[in-house]
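Peer 1: Attaching a single structure in structure tokens format; questions to follow.
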């Protein structure tokens with residue numbers, strides 16, 4: 078059968094770029110481009126389902142707002158009035174705050190404030206965790222649940238076999254050694 082639709086046409090546009098088609102099917106609204114013969118685009122540029130979910134470049138929505146990215150542009154960007162990126166999700170899923178080109182899963186360009194009774198940042202794997210926090214008396218804490226304790230490296234080298242300082246869970250501190258045998262061992 079036919080479905081109700083409305084088309085906006087720009088006769089000066091190039092081939093298969095002349096029409097924007099608005100259509101309704103099953104109580105859902107679809108907005109997309111159309112070929113010159115009014116064949117609809119796949120997927121729709123915008124989909125609004127009757128349950129209030131929204132899809133951009135997606136024909137189905139798996140969440141309240143679902144954006145299907147393209148291979149050559151960011152999936153989502155919020156910019157300031159000057160065009161500077163304030164929040165960006167790139168095509169790889171990396172999130173940038175204050176940057177349009179996040180280099181990691183989370184890339185923050187600027188200062189951060191963590192607020193709670195005991196703000197904490199966790200670094201975790203499936204079998205261990207390390208954490209940095211500010212405690213109840215504003216003391217700064219670094220925690221590890223590993224027997225290896227905490228290691229400090231002189232640079233950001235990938236080679237983390239030679240720490241400058243080691244604090245073991247036993248409380249022993251090593252400077253220049255990873256195996257302090259006393260409360261303070263200097264090599």
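Residue numbers (our numbering): 78 to 264.
By construction, the Cβ of each residue, glycine as well, lies at the ideal position given by its N, Cα and C atoms.
(1) Between residue 216 and residue 250, what straight-line distance do the alpha-carbon atoms span, to the nearest angstrom?
(2) Taking 8 angstroms as the threshold (C-beta atoms), are residue 108 and residue 123 in contact?
(3) Residue 162 and residue 154 look like a contact to me (Cβ under 8 angstroms); what is the Cβ gap, rounded to whole Å?
(4) Along the chain, where does the beta strand (DSSP E) that runs through residue 102 open and close?
(5) Would you kindly check if the distance between the Cβ of residue 255 and the Cβ of residue 240 is under 8 angstroms?
(6) Given a cut-off of 8 angstroms on the beta-carbon distance, is the pair residue 133 and residue 106 in contact?
(7) Please name the residue, chosen from 92, 95 and 104, that lies closest to residue 81 on a Cα-to-Cα basis.
(8) Report the partner residues of residue 230 according to the DSSP bridge assignment.
(9) When burial is assigned at 16 or more other CB atoms within 10 Å of the CB, is residue 201 buried or exposed?
(10) According to the neighbour-count rule (16 or more other Cβ atoms, all chains shown, within 10 Å of its Cβ), is residue 168 buried or exposed?
(11) Measure how close the beta-carbons of residue 199 and residue 212 come, nearest whole angstrom, since I'm counting them as under 8 angstroms.
(12) Determine the extent of the beta strand (DSSP E) in which residue 199 is found, giving its start and end residues.
(13) Using a Cβ-Cβ cut-off of 6 angstroms (strictly less than) and excluding sequence neighbours within five positions of residue 197, which residues of its own chain qualify?
Peer 2: On the basis of the data shown:
(1) The alpha-carbon separation between residue 216 and residue 250 amounts to approximately 20 angstroms.
(2) yes
(3) 6 angstroms
(4) 96–102
(5) yes
(6) no
(7) 104
(8) DSSP output for residue 230 lists no bridge partner at all.
(9) With a threshold of 16 other beta carbon atoms within 10 Å, residue 201 falls short and is exposed.
(10) exposed
(11) Going by Cβ atoms, the distance from residue 199 to residue 212 rounds to 15 angstroms, so no, they are not a contact pair.
(12) 197–201
(13) 208 and 210
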